[in-house]
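Novice:
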DNA sequence: ATTGTGAAGGTTTTT
DNA sequence: CCTTCACAAT
């Protein structure tokens, strides 16, 4: 490949980044400045011009969608020259590593990846076993605790003992033990275990440091502690990593992401070359001006000014609606009006939370407009799909306790809660898995009567599934296991409408298996193992029509890295966006503002923003004001129209605009405060009956208690 | 042992 | 609003 083929369409800073030598490089790149492009072109440069083997390239990013796109674009440029290259998400690559080195990592061959639902169930059970009160130790909170410790790279024994944390740490310890015994690995564990294995094993580390001389990281602002450490470890002494990021687009703080990693990189990697890419090639002047104005309200940003030479473009349309149905109709009307000229594929509807998609989907369905939802309800999270997968997981690894438990009760086979708990306590005292425990119980005739028959049949059934799925194609394995599980028979007998859908879903699973192709260089593990891991790591695209012209629906989070000529941002209301919860988290509002920045900058040309005066949330009517972020957009960029809704007034000259609306101001909500001794209490009026929250913190001798209370309901 | 009922509780974003 | 859970009835 000729240098000009690669550099042809690039601007100066982009070229500089693509061709830079082996020094550590940090590209500070604004939205739409060609971040991913630079990354892909750099890989092409390394391989095509510098003659580096794909074998030496390690390219990592954050979400599956971004990773897929990167992979696609690389092979578009390089064709088949990508063999041996590691491209994927942090979790995906860590998983790959652990499959290759499960022995060194102390994991069993057929270890399974735990998704967050599984993890939640597991933790819940452990809390029960400890006889702790779930209302005092909510599983969600414990789960959050464990995950954030893992994100920080801390094992239970490494967590600093803190008076309030004792029980949590104990639960973490229990959970670790349980996962180890059952061969289960959660998301955080993938990273942590990978990191530990590398740092404990010098030969292995040396090998990979030698191999991955070229490490590239996209969306670097979203790395968390353990990910940062992993990059640092892998890049070794010379630390020649190439990272790309934009601190203004850091939106995963709640998951441990720390955008300070960007400034940290400059310090800790010797002689880091910083390249700024500030020209935006994506959006019109209007869009960019709006985005810049919003993000300007955040403090502590890295120095960077985004500009464009593009045309002014149309104003941003702001639509006031009465309720969410009106909003959906309005969006669909616009979609229909524009579908001919723009094309459905080029339009995206973005929203803050997945639940918002329902109303919009219904409206699209009614008008028979094809659409595609990303994320949200996960195919692999459905109960019947998990049931079916449990049998396949057991075919791979009979010690998978979670799967054992699931399979034992579905379909019902006379093995109920009582018998299961007998097996569990036996297995626990013996320190073995449920499957082994059940087999031993049988062997030593420790159970009798009906239970004995049920357990014997079940163990035999699992053995049979294991035997009969050996050496078969993936599709046959699925057919066999599902057939032998008796799930379909059971569902057929029920003959309800729901069970018909469930059967469809299970059948769809077989189709998915049939169409499944493991990634090129994944031949080190069996296709079945690969499929099962992907089921946990990816949301599962159940919507077949990937190439059909269709409107794209997704959360603002999933939209990061994508661009569309026409973008709708729906549900622009205080409480929804910025989300209520963000208002009581320190720094929460700033993160929401970055998310808003991300959302606006997805648009290349046309942007429709809408809000509703009222909206049904969890069955209750919620009244809300237009999002405060709207008032941060210069009014001349906005054209506000009403669709039977009350206008925000953000374009009216006389309206008092809160343009200096900083994160501390809570629009219209009553705030009370009281100072006493060394403390301050601040009470904020909530606007729903479930707004109850409080935070404590200390600043230089002053204790703060901020709490929200419920407005009296006089209706 | 399984199934059905009603009450209670939890609601952001993703790997 | 939807899911999960506890308990009663089969």
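Numbering (the numbering used here), first residue to last: 179 to 893. Don't be surprised by glycine CBs; every beta carbon is placed ideally from N, CA and C. Here the structure is a predicted model, which means the values were calculated and not measured.
1. If you follow the alpha helix (DSSP H) that residue 615 is part of, which residue opens it and which one closes it?
2. Taking the alpha carbon of residue 484 as the reference point, which residue from 426, 703 and 731 has its own alpha carbon closest?
3. Check whether the Cβ atoms of residue 205 and residue 455 lie closer than 8 Å to each other.
4. For residue 362, which of helix, strand or coil comes out of DSSP?
5. Please classify residue 317 as buried or exposed, where buried requires at least 16 other C-beta atoms within 10 Å of its C-beta.
6. Using the beta-carbon count (16 or more within 10 Å), is residue 180 buried or exposed?
7. Between the beta-carbon of residue 330 and the beta-carbon of residue 525, is there less than 8 Å?
8. With H, G and I counted as helix, E and B as strand and the rest as coil, what does DSSP make of residue 785?
9. Tell me, to the nearest whole angstrom, how far the beta carbon of residue 767 is from that of residue 761; I am working on the premise that it is less than 8 Å.
10. Please go through the same chain and pick out, in chain order, the residues whose beta-carbon is closer than 7 Å to the beta-carbon of residue 230, but skip the five residues on each side of it.
11. What residue does the beta strand (DSSP E) around residue 801 start on, and which one ends it?
12. Rounding to the nearest angstrom, what Cα-Cα distance links residue 764 and residue 266 in this structure?
13. Which same chain residues end up closer than 8 Å to residue 567 when comparing Cβ atoms and leaving out the 5 residues on each side of it in sequence?
14. Could you pull the DSSP bridge partners for residue 742 from this structure?
15. Excluding the five sequence neighbours on either side, which residues of its own chain have a C-beta within less than 6 Å of the C-beta of residue 656, listed in chain order?
16. Where does residue 495 sit, in a helix, a strand or coil, going by DSSP?
17. On the DSSP letters alone, give me the boundaries of the beta strand (DSSP E) that residue 549 sits inside.
18. Can you list, in chain order, the residues of its chain with a C-beta nearer than 7 Å to that of residue 491? Leave out the 5 residues immediately preceding and following it.
19. Put residue 415 into one of helix, strand or coil per three-state DSSP.
20. Rounded to the nearest angstrom, what separates residue 202 and residue 481 at their Cα positions?
21. Under 6 Å Cβ to Cβ from residue 800, same chain only, skipping five residues before and after it: list those, please.
22. Taking all protein chains shown into account, do 16 or more other C-beta atoms lie within 10 angstroms of the C-beta of residue 452, making it buried, or fewer, making it exposed?
23. Assuming residue 226 and residue 779 make a contact with CB atoms under 8 Å, what is their CB distance in whole Å?
24. Can you tell me the Cα-Cα spacing of residue 414 and residue 552, whole angstroms?
25. From the DSSP output, which residues share a beta bridge with residue 454?
26. Classify residue 288 as helix, strand or coil using the three-state DSSP reduction.
27. Which residues mark the beginning and the end of the beta strand (DSSP E) in which residue 607 is found?
28. Closest to residue 747 by CA distance: which of 360, 438, 508 and 244 is it?
29. Can you find the residues in the same chain that come closer than 6 Å, C-beta to C-beta, to residue 420, ignoring five residues on each side of it along the sequence?
30. Buried or exposed, going by whether 16 or more other CB atoms sit within 10 Å of the CB of residue 842?
31. Quick one: measure Cβ to Cβ for residue 683 and residue 562, integer angstroms, because I've assumed they're closer than 8 Å.
32. Okay, do the region 276 to 292 and the region 352 to 366 touch, 3+ Cβ pairs below 8 Å being the bar?
33. In chain order, what residues of the same chain lie with their CB nearer than 6 Å to the CB of residue 947, ignoring the 5 residues before and after it?
34. List the whole-angstrom C-beta distance separating residue 732 from residue 522, where the pair is believed to meet the contact cut-off of C-beta under 8 Å.
Specialist: So, to answer that:
1. 612 to 621
2. 426
3. yes
4. strand
5. buried
6. exposed
7. no
8. strand
9. 6 Å
10. 224 and 392
11. 798 to 801
12. 32 Å
13. 558, 581, 687, 710 and 713
14. 781
15. 688 and 691
16. strand
17. 549 to 551
18. 462, 463, 464, 465 and 783
19. coil
20. 20 Å
21. 793
22. exposed
23. Residue 226 to residue 779, Cβ: 31 Å. No contact.
24. 37 Å
25. 206
26. coil
27. That residue, residue 607, is in no beta strand (DSSP E); its alpha helix (DSSP H) goes 595 to 608.
28. 508
29. 203 and 394
30. Low confidence applies to residue 842: its pLDDT is 30, below 50, so where it sits in the model is not reliable enough to give any reading.
31. 5 Å
32. yes
33. Missing from the structure shown is residue 947; the chain here goes from 179 to 893 and no further.
34. Not confirmed; about 14 Å, so no contact.
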